[in-house]
Amino acid sequence: MNAPKKTHFFFVLIFLISICGVSPEAVGQSTAYKALLSTLYDSDFPVVKPAELTDLSSYQVVDTREKEEFEVSHLQNAIWAGYDTFSMENVAELDKNQPVLVYCTVGARSQEIGKKLKEEGFKKVYNLYGGLIEWANEEKPIYHGDSLTNQVHTYSRSWGIWLTKGEKVY
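The structure is reproduced here in structure tokens:
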């Protein structure tokens, strides 16, 4: 599906949910969220689901959100790389031969940064399926600095409807 169709699908889905006055949980948030994600991801870019990740230490974890999002919360030991502000200098300390896990709010921005990393010679790059929202919904640990937090920066209110566990921050 091309970008305009993906965007159109997303807004139609959000519109239908909002006009019905129904929460995402009531319409099967998991199924609707999966449908949305399927429009955002390229089928040939590898993803790892939160449930498959029992030990983040086997990955170089890269947060591809903007600094203000990262400062609210992030995955443990994540390296901030940015999206609009991304440059290879931001990830210069990474080993191109070790696995890299990229993530953002839902996985769209991180997939784009992941593609850039692959173009620069990184061998094993994976996108966190569902992003930080799915991670939080599965009640995986999220950090503010070195401390656990319940806050999740959801990018915007429209993306925030998918967060069912944790405190939404915009």
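Going by the UniProt record's numbering, the first residue of the sequence shown is number 1, and it counts up by one from there. Note that the Cβ used here is the ideal one computed from N, Cα and C, for glycine as well. No experiment lies behind these values; they were computed from the predicted model shown.
- For the 8 Å CB-CB criterion, G107 and L128 form a contact.
- The alpha-carbon separation between H74 and K123 amounts to approximately 24 Å.
- Of all C-beta pairs linking the segment 86-102 to the segment 55-72, three or more are shorter than 8 Å, placing the two stretches in contact.
- In summary, Y170 is exposed, with fewer than 16 beta-carbon neighbours lying within 10 Å of its beta-carbon over all protein chains present.
- If you ignore the 5 residues before and after Q76, its C-beta comes within less than 7 Å of the C-beta of L56, P141, Y143, all in its own chain and listed in chain order.
- Around the beta carbon of S110, a 10 Å sphere encloses 16 or more other beta carbons of the protein chains shown; the residue is thus reported as buried.
- Contact check between the segment 82-97 and the segment 41-53: fewer than three CB pairs, one atom from each, fall below 8 Å, which does not count as touching.
- For N127, the beta-bridge partners assigned by DSSP are V47, V102.
- Excluding its 5 nearest sequence neighbours in each direction, V152 has C-beta neighbours in its own chain below 8 Å: V72, S73, L132, I133, A136, I142, L163, G166, E167, K168, V169, listed in chain order.
- Every unbroken stretch of the beta strand (DSSP E) spanning 3 or more residues and falling wholly within the UniProt domain "Rhodanese" (55-144) is given here in chain order: 60-63, 100-103, 125-128.
- In the structure shown, the three-state DSSP call for S158 is helix.
- Apart from the 5 residues on each side of it in sequence, G160 sits with its Cβ closer than 6 Å to the Cβ of T154, K168 in its chain, given in chain order.
- Between the C-alpha atoms of K67 and A78 there is a straight-line separation of about 12 Å.
- Beta-bridge pairing by DSSP links E167 to Q151.
- Cβ neighbours of R157 within its own chain (closer than 7 Å, five residues either side excluded): Y170.
- Across the set F86, G130, N150, E69, the C-alpha of G130 shows the shortest separation from the C-alpha of A35.
- C-alpha of L53 to C-alpha of D42: approximately 21 Å in a straight line.
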